[in-house]
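In our numbering, the protein residues as written are 83 to 411. All C-beta atoms in this analysis are idealised placements derived from N, C-alpha and C, irrespective of residue type, glycine included.
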């Protein structure tokens with residue numbers, strides 16, 4: 083059973099530092115129509131993931147930067163007296179990702195606002211690391227066992243030593259390698275290193291409380307001293323709107339068939355067949371249950387948010403085995 087409760091107040095504080103960051107960033111350059119740099123431009127970043135807004139002013143070279151933005155979808159506005167106000171929307175920011183957004187401002191003949199719609203940057207030109215980011219939509223929709231190992235199993239470059247089927251490895255997860263390296267991993271939750279002595283997570287986490295999961299497999303920064311996988315989990319933090327989620331999963335051995343023939347049961351540690359013809363312990367998974375509830379919202383808009391999550395998970399696994407030779411089959 084896991085409980086997660088969180089209060090988030092402005093100003094927000096986030097861990098920083100390359101792939102280990104719980105934030106992303108936006109930077110860029112502002113030019114005029116002739117290609118000359120524009121200092122003194124006020125750039126404003128707004129998002130549902132952000133309490134209030136953040137502002138940056140371009141320097142003498144026309145450069146601006148937002149170094150620590152929580153993951154989300156952002157809208158940028160660029161303002162300078164004598165020039166049209168420009169808006170750039172739908173900028174997707176994920177953990178450890180830097181989006182470069184360069185714009186041109188035109189001299190205003192009339193006071194007007196120009197909204198530019200374009201593709202969000204998808205390549206981080208400031209980094210050479212190999213990473214996989216699982217945003218909230220992916221965490222909710224990918225059919226998996228709802229744990230960190232299930233995400234590792236679908237990450238490019240990672241090979242699992244055993245396959246998890248419907249959560250039957252929950253609580254007994256096995257090892258994995260990334261580009262041939264096993265162990266030497268680093269696990270962080272909200273920027274806090276929780277790695278235990280065997281390079282594991284140190285504890286089981288509440289999958290439903292994740293807003294995003296970052297998995298870096300190679301080419302990490304100086305904060306990652308070993309060649310293993312760097313995992314970073316970012317929890318939900320509420321928001322200016324009330325929202326929640328309820329998840330329920332239930333499986334048992336009677337939901338599965340078996341391939342035990344009539345001559346085998348005496349040689350197995352098996353019970354009698356049930357009404358469905360399934361024998362106890364013929365399948366490894368005996369019972370799996372996962373109940374996950376989370377909810378969050380505002381206490382004071384743009385100032386104080388709250389979030390709560392509860393998860394109760396049970397996994398009962400047996401191990402079919404022979405007690406003697408089987409003949410006549």
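| Check | Outcome |
| --- | --- |
| When the Cα of residue 379 is compared with those of 140, 388, 371, 372, which residue comes out closest? | 388 |
| Check residue 293 in the structure and name its three-state DSSP category. | strand |
| On a Cα-Cα basis, can you pick out the residue from 245, 211, 110 that is closest to residue 182? | 110 |
| Rounded to the nearest angstrom, what separates residue 335 and residue 213 at their Cα positions? | 37 Å |
| Can you grab the Cα-Cα spacing for the pair residue 317 / residue 191, in whole Å? | 47 Å |
| So if DSSP puts residue 125 in a beta bridge, which residue, or which two residues, is it bridged to? | 138, 160 |
| Rounded to the nearest angstrom, what separates residue 411 and residue 279 at their Cα positions? | For residue 411, the predicted model reports a pLDDT of 45, less than 50, meaning its position is unreliable; a value from the coordinates is still stated below. Distance between the alpha carbons of residue 411 and residue 279 is about 47 Å. |
| Beta-carbon within less than 6 Å of residue 322's beta-carbon, same chain only, minus the 5 sequence neighbours each way: which residues are those? | 380, 383 |
| Taking residue 256 as the reference, which of 274, 269, 230 has the closest Cα? | 230 |
| Restricting to runs no shorter than 3 residues, where is the beta strand (DSSP E) found entirely within the region 219 to 278? | 240 to 242, 258 to 260, 268 to 271 |
| Bridge partners of residue 103, per DSSP? | Answer is none; residue 103 lacks a bridge partner. |
| Within the same chain, show all residues whose beta-carbon is closer than 6 Å to that of residue 368, passing over the 5 residues directly before and after it, in chain order. | 335, 398, 400 |
| DSSP puts residue 369 in a beta bridge; with which residues? | 334, 398 |
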